[in-house]
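Only one structure is covered here, and it is reproduced in the block below.
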Amino acid sequence: MISNFILAPIFAHMFTAVLLMFFWKRVQAQKIISIIGNSIAFIMCWRLFSATWKYGNITLQLGGWEAPFGITFVSDTLSAVMVLLTAIVSLSVGIYSTSAINISRIKYGYFFIYHFLIMGLMGAFLTGDIFNLYVWFEVVIISSFVLLTLGGKKRQMEGAVKYVTMNMLASVIFLTAIGILYGITGSLNIADLANQVAIIENRGLVTVTSLLFFVGFGIKSAVFPLYFWLPSSYHTPPSAIGAIFGGLLTKMGVYSLFRVFTIIFKPDDFILQVFIVIAILTMISGAFGVINKRNIRRILSYFIVCHIGYLIAGIGLYTELAFVGVIFYLIHDVIVKSNLFMMSGLIQKIRETQDITRLGGLYKDYPKLSLIFAVILFSLVGIPPLSGFWPKIMLFQEAFVQKQYVLLGTLIFASFITLFIVARIWSEVFWKDLLKPNSEEIDHFAPFSKSGKIALILPITALAGVSLYIGLNAPVIIEVSERVAHEMKNPSIYIDAVMKNLK
Amino acid sequence: MKRYRSKKEQDQTILRTATNYLLPVLLLFSVFVLLRGHYLSGGGFVGGLIASIAFVLHSFAYSTKQTLSLFQFSPMALIPAGLALSILSGLLPVLLGLPFMTGVWFADSVAVIGSVGTALFFDIGVYLVVIGVVLTILFTIAENV
Chain W
0 MISNFILAPI
10 FAHMFTAVLL
20 MFFWKRVQAQ
30 KIISIIGNSI
40 AFIMCWRLFS
50 ATWKYGNITL
60 QLGGWEAPFG
70 ITFVSDTLSA
80 VMVLLTAIVS
90 LSVGIYSTSA
100 INISRIKYGY
110 FFIYHFLIMG
120 LMGAFLTGDI
130 FNLYVWFEVV
140 IISSFVLLTL
150 GGKKRQMEGA
160 VKYVTMNMLA
170 SVIFLTAIGI
180 LYGITGSLNI
190 ADLANQVAII
200 ENRGLVTVTS
210 LLFFVGFGIK
220 SAVFPLYFWL
230 PSSYHTPPSA
240 IGAIFGGLLT
250 KMGVYSLFRV
260 FTIIFKPDDF
270 ILQVFIVIAI
280 LTMISGAFGV
290 INKRNIRRIL
300 SYFIVCHIGY
310 LIAGIGLYTE
320 LAFVGVIFYL
330 IHDVIVKSNL
340 FMMSGLIQKI
350 RETQDITRLG
360 GLYKDYPKLS
370 LIFAVILFSL
380 VGIPPLSGFW
390 PKIMLFQEAF
400 VQKQYVLLGT
410 LIFASFITLF
420 IVARIWSEVF
430 WKDLLKPNSE
440 EIDHFAPFSK
450 SGKIALILPI
460 TALAGVSLYI
470 GLNAPVIIEV
480 SERVAHEMKN
490 PSIYIDAVMK
500 NLK
Chain B
0 MKRYRSKKEQ
10 DQTILRTATN
20 YLLPVLLLFS
30 VFVLLRGHYL
40 SGGGFVGGLI
50 ASIAFVLHSF
60 AYSTKQTLSL
70 FQFSPMALIP
80 AGLALSILSG
90 LLPVLLGLPF
100 MTGVWFADSV
110 AVIGSVGTAL
120 FFDIGVYLVV
130 IGVVLTILFT
140 IAENV
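Chains as they are written, first to last, in numbering that gives the first Met the number 0: chain W, 0 to 502; chain B, 0 to 144.
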C-alpha cells in the first residue's frame, strides 16, 4: 500500500517544532503547544500502527522517484511498533517535562530541540534507505548534544564530551560502512541492497562490511567494549532528558542492527557467534558495573548496558522464537527504562538527592506513589505477572533449546543481579528510615502547584499502567511480536513491499 | 580614547562607502544565485550564505547593532518562517494526491525567473533559514566577544 500518511508522525513533530520557534521566549505557550503537538503525534502514530497492522506494509517513494533511486519510507510492523513506542514515551516525557524542566532551559529552546529529537527518531524508524537512516541518526545525535549540554553545568559538559566523541566515532564508522556497501553494490535502498548483497561473490568483503555496521551501531547502542560513554554521560542531564535517552536512543541502535542483519546481511555462524560473545560480555560488564553504584541514575545507566545484552543475545540466537522474545523485551524495556528515569527525577524532587544510602522513608511519606514505583521496579526485574517476565522466559527457553548454555547462564546471572539491585533500591530508598530527621531534608515536591504535581505523576502512572498492561495482556504483545519476528525471518515480505509496490 | 575612535572611523570610510554600494549588489547577486539553482550550480543554501555575507560585511563596516536595525525583526524569526515555507512547499503535492515533495510546476514560465514550482519555494525556504541561522550565530558570537 502506498500512502503519504506514513510521514504524518514525522510531520506532527516537525510542525510542532517550527511552531515552537515562533513562541521562542514564551514558556507557558511552549508547554501548551508541546503537549498538543505530542498528543496529535500520538494519535497519528496509533493510526499508522493500526493501518500497518490491518493492511500490511505501507511504503512511500519520496517525490515520486522510483524504488532503488528515490528515498523510500517503509512502515512494516517493526517500524510501526517502534514508532508507537516512541510516541507513547514522547507524550509521557513531554508532559513530565512541562513541570520537571526549569524555566531557563525552556527559554533556551528545550521543547524545540525535544521535538526535533523525536522527529529524528520517527524518521530513523520509518526510512527504508540506508543513507537516509544515517541522516536521521545525525538529526537525533545533534539534537541530543544540545539537550545534553543545555544548562551548561560543568558536570554536563564533562559527560557531553565523552558522549559526543564516541557518537561521532560511531557515525564515522557507520558512514564508512555505507560507503563500502555503496561501492560494492551501487545502491542505498535497503530492499535493493538485500538483493544486491546476496549475489556478491566476494563474501569476505561482505562480512567485513557487516561487522563495520555492527561496530557502528554497537557503539550507539552501548554494547561491550565501547559502552563506557553511556554510564558516564546519562546521569548528567535532567531526568526528563535521561528518560528519552535511556528509553529510546540506545534502542535506535538496536533497531538498526535488526534491520541491517535481518534484511541486508544474512549472518553466518561466525557473526552469530560474535553476537553471542558480545552479548555475554555486555551483560556481565553491565551487571558488574551496577553492583557498587549508589546513585540511582548511575545504576539505571548500567542497567541499560546490561539489558542491551539481552537484545543482542536475541539477534545472536537468530531463531523466530528468539526474535519474538527480543521484540517483546524491546517493547517492555523502552517503557520501563523511560519510566525509571522519570521516577528517579521525581525522587530527586522529593529528597534532593539520588544517593540511595542517603535516601529513605519514601514508603512512609508517599505510600501511594511508592506502590507505583514498585510496579515499575518489579516490572524491570520481571516478577511473574509483570512485563519483564515473559520475554525473559522466552529467551531462556530459546538459549536452552539452542544449547547455548553459557549464554543461558549469563542471562540468568544478569537477571539475578537486576533482582538483587532492585531489591536493594527498594529496601534502601523506600523501607529504610531516613538517617537524618525528616525536617532536614528539603522536599521540593510538596510546594508544587496541583497541576504541576499532576504533570509529574500522571506520566509515570500512565507508563506504569502500560507496563502492567504489557504484563497482564501478554498474549496481545506476543501476537504483535510474533508478526514482527515472522517478518524479520522472512525479509522477502519487506523487499517485495518496496520493490513491487511501484505505482 | 575619543581621538582613537574618530581615527578608527576615518580608517573605515572606504569600507563604509563601499559597503553602502556592495550590500544591495550582494543581495541582488544572492537572489540571482538562488533563482539560478535549479539546473545550474547555485540554490538556496549558497544564495543564503551570500546574502548573510552581505550583512556580515555591513556589520564589520558599522556595528552589529546598526546591522540589526536594518531588520524590522530579529533575524532569528527567519528560521521558523523559512522552515515553514519549505515544509509547506513539500506538502502541496500531498494535497494533490501525489507523494510528498513531488515537484509541481505551473504550466507557463514567468519572465526572468523561469518556471515556477514547489522546488523554487522549497529553495526560498532554505535561503531564509540559512540567512537566519548564520546571522543568529554570528551576531550572538559578536555580542559575547
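Ideal Cβ positions, reconstructed from N, Cα and C, are used throughout, including at glycine.
Note that the coordinates shown come from a computational prediction; the quantities given were computed from them, not determined experimentally.
Quick one: what does DSSP say Leu59 (chain W) is sitting in, helix, strand or coil?
-> strand
Specify whether the segment 10-26 of chain W and the segment 109-127 of chain W touch according to this definition: at least 3 beta carbon pairs, one from each stretch, less than 8 Å apart.
-> yes
At least 3 beta-carbon pairs within less than 8 Å: the segment 349-366 of chain W vs the segment 328-341 of chain W = no
Among W:Ser343, W:Ala413, W:Val323 and W:Pro474, nearest to Leu385 (chain W) - alpha-carbon criterion = W:Pro474
Verify the CB distance criterion: does Gln29 (chain W) have a CB-CB separation below 8 Å to chain B?
-> no
Ile123 (chain B) versus chain W: which residues are under 7 Å apart at the beta carbon?
-> Result: empty, since nearest Cβ-Cβ is about 16 Å, beyond 7 Å.
Please name the residue in W:Ile198, W:Phe327 and W:Arg423 whose C-alpha comes closest to that of Asn294 (chain W).
-> W:Arg423
What residue range is occupied by the uninterrupted alpha helix (DSSP H) comprising Phe412 (chain W)?
-> Tyr404 to Ile424
Name the one or two DSSP bridge partners that Val73 (chain W) has.
-> W:Thr58
For Pro23 (chain B), which residues from the same chain have a beta carbon less than 7 Å from its beta carbon, with the 5 sequence-adjacent residues on both sides left out?
-> none
Output the boundary residues of the alpha helix (DSSP H) element that contains Glu427 (chain W).
-> Premise fails: Glu427 (chain W) is in no alpha helix (DSSP H) and is neither H nor E.
How about Leu146 (chain W) and Ile240 (chain W): are their beta carbons less than 8 Å apart?
-> yes
Determine the direct distance from the alpha carbon of Phe59 (chain B) to that of Phe216 (chain W), and round the result to whole angstroms.
-> 45 Å
For Thr148 (chain W): DSSP bridge partner residues = Partner(s): none; Thr148 (chain W) has no beta bridge.
Nonlocal neighbours in the same chain, by C-beta distance under 8 Å from Arg154 (chain W), ignoring five residues either side = Thr235
Measure the CB-CB distance between Ile172 (chain W) and Ser74 (chain W) and report whether it falls below 8 Å.
-> no
Taking only beta-carbon atoms, is Phe21 (chain W) less than 8 Å away from chain B?
-> yes
Taking Leu61 (chain W) as the query, report the chain B residues whose CB atoms sit under 8 Å from its CB, ordered along the chain.
-> Pro98, Phe99 and Met100
Counting only beta-carbon atoms, is Val93 (chain B) nearer than 8 Å to chain W?
-> yes
Would the segment 451-461 of chain W and the segment 96-103 of chain W be scored as touching if the rule is three or more Cβ pairs under 8 Å?
-> yes
Alpha carbon to alpha carbon, how far is His306 (chain W) from Ile334 (chain W)? Give it in angstroms, no decimals.
-> 13 Å
Starting from Ala473 (chain W), trace the alpha helix (DSSP H) both ways and give me its first and last residue.
-> Ala473 to Lys488
Ignore the nearest five residues each way along the sequence and tell me which others in Ile243 (chain W)'s own chain have a CB closer than 6 Å to its CB.
-> Val92
Enclosing alpha helix (DSSP H) for Met393 (chain W) [first to last residue] | Phe388 to Val400
State buried or exposed for Met0 (chain B), treating a residue as buried only when at least 16 other CB atoms are found within 10 Å of its CB.
-> With a pLDDT of 45 at Met0 (chain B), under the threshold of 50, the predicted position of this residue should be treated as unreliable, though the coordinate-derived value follows. Counting Cβ neighbours within 10 Å, Met0 (chain B) comes out exposed, since fewer than 16 surround it.
Taking Cβ-Cβ distances shorter than 7 Å, what residues in chain W pair up with Ile13 (chain B)?
-> Chain W residues near Ile13 (chain B): none, gap ~38 Å exceeds 7 Å.
Name the one or two DSSP bridge partners that Trp104 (chain B) has.
-> B:Gly116
Determine, using beta carbons only, whether Leu47 (chain W) comes closer than 8 Å to chain B.
-> no
As assigned by DSSP and simplified to three states, the class of Asp354 (chain W) | strand
By Cβ distance below 7 Å, which residues in the same chain neighbour Leu47 (chain W) in space, the five residues on each side in sequence not counted?
-> Phe4, Ile5, Ala7, Pro8, Ser74, Ala79 and Val82
If we ignore side chains and look at the alpha-carbon of each, how far apart do Thr51 (chain W) and Pro98 (chain B) end up?
-> 18 Å
Paired residues, beta bridge with Asn188 (chain W) - DSSP | W:Asp128
Length of the line joining the Cα atoms of Lys502 (chain W) and Leu187 (chain W) = Since pLDDT at Lys502 (chain W) reaches only 43, below the 50 mark, its modelled position is unreliable, and the value read off the structure follows with that caveat. If you take the alpha carbons of Lys502 (chain W) and Leu187 (chain W), they lie about 20 Å apart.
Between Phe124 (chain W) and the rest of its own chain, which residues show a CB-CB distance below 6 Å, the 5 nearest in sequence each way excluded?
-> Ser78, Met81 and Val82
Are the segment 304-318 of chain W and the segment 367-375 of chain W in contact at 8 Å, needing three or more beta carbon pairs?
-> no
Using a threshold of 8 Å, state whether the C-beta atoms of Ser220 (chain W) and Leu271 (chain W) are closer than that.
-> no
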